[in-house]
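The working numbering applies: residue 796 is where the sequence shown begins, and numbers increase by one. Each residue gets a CB set at the ideal place from its N, CA and C atoms; glycine is no exception. One structure below.
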Amino acid sequence: QLYSGVYQVVEGQLAFLGSARWFYRSSPLLPRQTRSFGSAAVARKIEEMDKVDPSLHRLPNATPVVGLNCKSAFENLSPSERLYAHHIARASFEGSLLVFLQVSPESAGIFVLLHRIFSSESIEALKEKALAAGFTDDEWQNFLVWTGAFYSNSGNYKGFGDSKFIPVVSSEKLQKVVAASKAASLFPDLLSIYAFVEQGIFSLDSRTAGLGFNDTGVTTYHSELVRKADSDLINQYMKEKNLEGWNTRLFKEEVNGKTTLKIKFASTSVGVSEEEYEGVKVQLEKGDYAEILARACIHLQKAGEYAATANQKAMMNKYAQHFTTGDLNDHKDASRMWIKDVNPIVESYIGFIENYRDPAGVRSEFEGFVAAVNKETSKKFGHLVEKAEIILKRLPWGTAYEKDSFLKPDFTALDIIAFGSSGIPAGINIPNYDDIRQNEGFKNVSLSNVISAMPKQKMNFISEEDENLIFEYNGKAFEVQVGLHELLGHGSGKLFQRNADGSFNFDKENTVDIITGGKVTSWYEPGETWGGLFGQLASAYEECRAEAVGYVLCCDADILQIFGHDGEFGQLIKYVNWLSEIRAGLLALEFYNADLQKWGQAHCWARYVLTKVVLEAGQGFVTIEETKDSEGGEDLSFKLDKTKIDSVGMPAVREFLKKLQAYKSTADVKGATALFNKYGSVGPTELKWREICIAKRKPRRIFVQPNTKLTADGKDVELVTYPETCEGIVSSFVERYSPESISDLEKLWNAEKKYFPAAYVKH
796 QLYSGVYQVV EGQLAFLGSA RWFYRSSPLL PRQTRSFGSA AVARKIEEMD KVDPSLHRLP
856 NATPVVGLNC KSAFENLSPS ERLYAHHIAR ASFEGSLLVF LQVSPESAGI FVLLHRIFSS
916 ESIEALKEKA LAAGFTDDEW QNFLVWTGAF YSNSGNYKGF GDSKFIPVVS SEKLQKVVAA
976 SKAASLFPDL LSIYAFVEQG IFSLDSRTAG LGFNDTGVTT YHSELVRKAD SDLINQYMKE
1036 KNLEGWNTRL FKEEVNGKTT LKIKFASTSV GVSEEEYEGV KVQLEKGDYA EILARACIHL
1096 QKAGEYAATA NQKAMMNKYA QHFTTGDLND HKDASRMWIK DVNPIVESYI GFIENYRDPA
1156 GVRSEFEGFV AAVNKETSKK FGHLVEKAEI ILKRLPWGTA YEKDSFLKPD FTALDIIAFG
1216 SSGIPAGINI PNYDDIRQNE GFKNVSLSNV ISAMPKQKMN FISEEDENLI FEYNGKAFEV
1276 QVGLHELLGH GSGKLFQRNA DGSFNFDKEN TVDIITGGKV TSWYEPGETW GGLFGQLASA
1336 YEECRAEAVG YVLCCDADIL QIFGHDGEFG QLIKYVNWLS EIRAGLLALE FYNADLQKWG
1396 QAHCWARYVL TKVVLEAGQG FVTIEETKDS EGGEDLSFKL DKTKIDSVGM PAVREFLKKL
1456 QAYKSTADVK GATALFNKYG SVGPTELKWR EICIAKRKPR RIFVQPNTKL TADGKDVELV
1516 TYPETCEGIV SSFVERYSPE SISDLEKLWN AEKKYFPAAY VKH
């Protein structure tokens, strides 16, 4: 297989070039003349890949670490509520181990390596060995930052941005520390694990720099051989079979010229069925992540014993049943119960939820959280829900494009106790299933202790006056934006559908296309879903629509009053929201891959699009000018005219929002793509801005989360907190997982290696 990979490169077949670059350049198995052989195109491609700037993929030592303060909220719970929360927290954290298997081929192995190293001796002892191996103090600190970020992002790709991050220290020095560690004597296979993951830790080229289909990026939602055409074929198959891919992965095998595409379902139960489809063998294989999910199920069932209501207990059992069977209907049933779990004291959700990181936009990342309700802040959101039906009528698409009835959701502010996934959002609107959202409802949550955990960093491109306003009031403004974004953004809008019996869920004859003025001519056919049809565009498009709703509605004085912001102070909050959000669209350019002409993060692409919309509106509303900083370096000046929010900015976003909803409602993928790409394109001017944004970028915060621990008698739970440092993150993860959990992860990782041979070329 190794020689086959090299042969492909030598012959100029570039599909595996990114991962085979090291082998091609330096493999001692090949004579020197062979290493230099190849077409000029191959050589140019290799040189082009060498140009990936490693500084863009290294985390600064000043990366801020923030804690999730839930101490008082947790202590205010009763013992039974704390036990309920504890077991959901354990289920969430145990389940989130599988995220390391969803990101990159090396992530699970790196986790096993790090856990064994840091659990075998103190951080101080390891530092002494690192310094002896040639680490500088800065290199050791950077290694801790890299480790903390790896844990917090559930892998070596950023949960927000999807780009790879690598340590500053050399592979030779790290190998010496691994060899000198106490773990090396306790675990005979430790150096072998390191040998397998070393390439993945340090390699950086145009393919491995970011997530994507495996010919241009990295993903483990698909095995190495899977290409977009394979994914499209399976999407077609699943639509015909009325299957959804939320809890699946797609693996491909080629044996004796015969192609097998495996749809792997997450479940503890195992089993395989297969059939021929379009010239390939399609296998439906249960049992993906079985060992990890089995541990999560134990805690879900245990949580049910401490549930406050029969509905909560049934919900926990349904979650466990879903993880056991792999049947999505079980999770949909659990989600229906969750919607009915109104005003709980302890809130939670768990499953395969968001599909942001699957390059096909179909398969979803595991996510689980548990939180205590913040009652005071929740009152504001409750008032917003009460008035939601009236407020929805203000959106620019009319009643025909809105759901037939607004099912008032539960909307609470939460203090997160545990969140297992690749990142922690500020707000959530779930479930994501179209059939439930459209017909049965949803719930909203705002994560209060996430919003408040903001490090104070110097802000680029704005005046000192605006910077002070954001420091002082962005928490309040962001609370308004999150509330509107989640409830009235994600919670609004109708999808036009043809039902299985041929009827329609809208008045086909009389509903007017709000863009053309004519009749509606497209809709969702039976079996089609919003995510499945819009694919890679869906996440960014929907985030943009929800963001736009927030921008538009925060201009209404009565809505600001709901959050306690009256008169001039309300206008100030409106200005801070617009200033912060539109500026974020400029800063989002950091997450644009100029080489691949591709956006790496849905929220960033969404905000950039809206920034382009208001720039197009002109009239001096938003200006971005190239300037010089105090040292003569390239800089930008960002200004937003607060007097023109209502007259210029809001009308422009409102008109754009109408088009977004029209294309979404009518399943017009072509129109939606053209609209979004028009504003989402990055031209020469924006590329210059991007260079400046990158040069002045600030590191994103990473979280250190507490753990929960049963008391000696098992009748109550203690909250274990950690310092807001990278050492604190490391300690929290070391104490979070048992050796048995780590062994299960290692077993699953070993079983998957054969599907990702290019990731281990060096080994």
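Same chain, Cβ closer than 6 Å to residue i, neighbours up to 5 away in sequence not counted
i	result
G1007	P1154
Q1560	With the chain covering only 796 through 1558, there is no way to say anything about residue 1560.
T829	For T829, the predicted structure reports a pLDDT of 32, less than 50, and the residue's modelled location is therefore unreliable. The matter cannot be settled from this model.
A1085	T1063
S1432	E1420, T1422
G1066	K1081
G1489	The question names Gly, but residue 1489 in the sequence shown is Ile. So the qualifying residues of the chain are E1385.
N1255	K1491
E1337	none
Best match in the options for proximity to residue i [C-alpha to C-alpha]
i	options	result
D1511	F1201, F869, S850	F869
Q1233	S1217, L1242, L1202	L1202
I1524	N1545, H1285, V940	V940
P1191	Q1456, V1157, F1147	Q1456
E1486	R1449, E1450, D1430	D1430
R877	V1165, R1044, F1471, F1528	V1165
N1169	T1503, Q1500, N864	N864
P983	L1405, Y1532, E1337, L908	L908
G1121	N1042, Y1196, K1053, V1067	N1042
L1381	Q1396, W1484, G1312, C1349	W1484
V1404	V1137, K1135, A1507, S1476	S1476
S1375	I1257, S1241, C1092	I1257
H1172	L1056, D1210, T1480, K1251	One detail in the question is off: residue 1172 reads as Thr in this sequence, not His. Nearest C-alpha to T1172: D1210.
A1103	V1448, N1138, F1416	N1138
P855	P1250, K1493, R1131	K1493
T1506	H881, P849, T858	H881
A770	A1397, D1436, C1399, D1390	One cannot answer for residue 770 here, as it falls past the ends of the chain, which runs 796 to 1558.
H1178	F1206, Y1151, S1200	F1206
P874	E1513, L1020, W1544	E1513
Y1032	S998, Q1078, R1002	Q1078
D1136	H1398, G1236, Y1072	G1236
S949	S1217, D1025, V860	S1217
A1467	A1333, D1296, E1426	A1333
G1330	K1023, V1013, F895	K1023
Rounded distance between the beta-carbons of residue j and residue i, thought under 8 Å
i	j	result
Q1292	W1325	That pair is no contact at about 10 Å.
A1213	F888	6 Å
K977	G929	With a Cβ gap of about 19 Å, K977 and G929 do not count as contacting.
E1519	G1040	Actually they do not touch by this definition, with Cβ atoms about 38 Å apart.
G890	I1145	7 Å
L1328	V1464	6 Å
A1352	A1401	Not a contact, Cβ separation roughly 26 Å.
L893	F1161	5 Å
Same chain only: Cβ atoms within 8 Å of residue i, ignoring 5 sequence neighbours per side
i	result
G1322	K1034, E1035, N1037
P849	I961, L999
Neighbourhood of residue i by C-beta, 7 Å cutoff - its chain only, sequence neighbours within 5 removed
i	result
H1280	G1222, A1341, E1342, V1344, G1345
K953	F960
D1424	D1430
S821	The pLDDT assigned to S821 is 32, lower than 50, so where the model puts this residue is not dependable; a value taken from the coordinates is nonetheless given after this. Contacts found: none.
A1129	M1110, K1113, Y1114, H1117
P900	G995, T1015, F1551, A1554
V963	R853, E934, N937
K1053	K1076
N1472	none
Near the ligand ATP: residue i beta-carbon under 7 Å from a heavy atom
i	result
K1057	This structure simply doesn't include the ligand ATP, nor any ligand for that matter.
Residue ranges of each alpha helix (DSSP H) within the region 1082-1141, 4 or longer = 1085-1100, 1105-1120, 1123-1135
Sufficient close CB pairs (3 or more, under 8 Å) joining the region 1237-1248 to the region 1298-1316 | no
Within the region 1393-1445, ranges of the alpha helix (DSSP H) (whole runs, at least 4 residues) | 1397-1412
Residue ranges of each alpha helix (DSSP H) within the region 1469-1519, 4 or longer | 1479-1490
Is there contact between the region 989-1008 and the region 955-963, where contact requires at least three CB pairs shorter than 8 Å?
-> yes
Segment contact flag, the region 1450-1465 with the region 1273-1290, C-beta cutoff 8 Å, min 3 pairs = yes
Touching by the beta-carbon criterion (3+ pairs, under 8 Å), the region 942-951 and the region 1515-1533 = yes
How do the region 911-922 and the region 970-979 stand: do at least 3 beta-carbon pairs fall below 8 Å, yes or no?
-> yes
The region 979-991 in contact with the region 1362-1370 per 3-pair CB rule at 8 Å = no
Can you list the alpha helix (DSSP H) stretches of 4 or more residues lying completely in the region 837-907, in chain order?
-> 866-870, 874-891, 895-898
Could you pull out every unbroken beta strand (DSSP E) segment of at least 3 residues lying fully inside the region 1041-1067, listed in chain order?
-> 1043-1050, 1053-1061
At 3 residues or longer, and completely inside the region 941-1020: list those beta strand (DSSP E) runs for me, N to C.
-> none
With a floor of 3 residues, list each beta strand (DSSP E) that falls wholly inside the region 1170-1256, ordered by position along the chain.
-> 1206-1215, 1222-1225, 1238-1242
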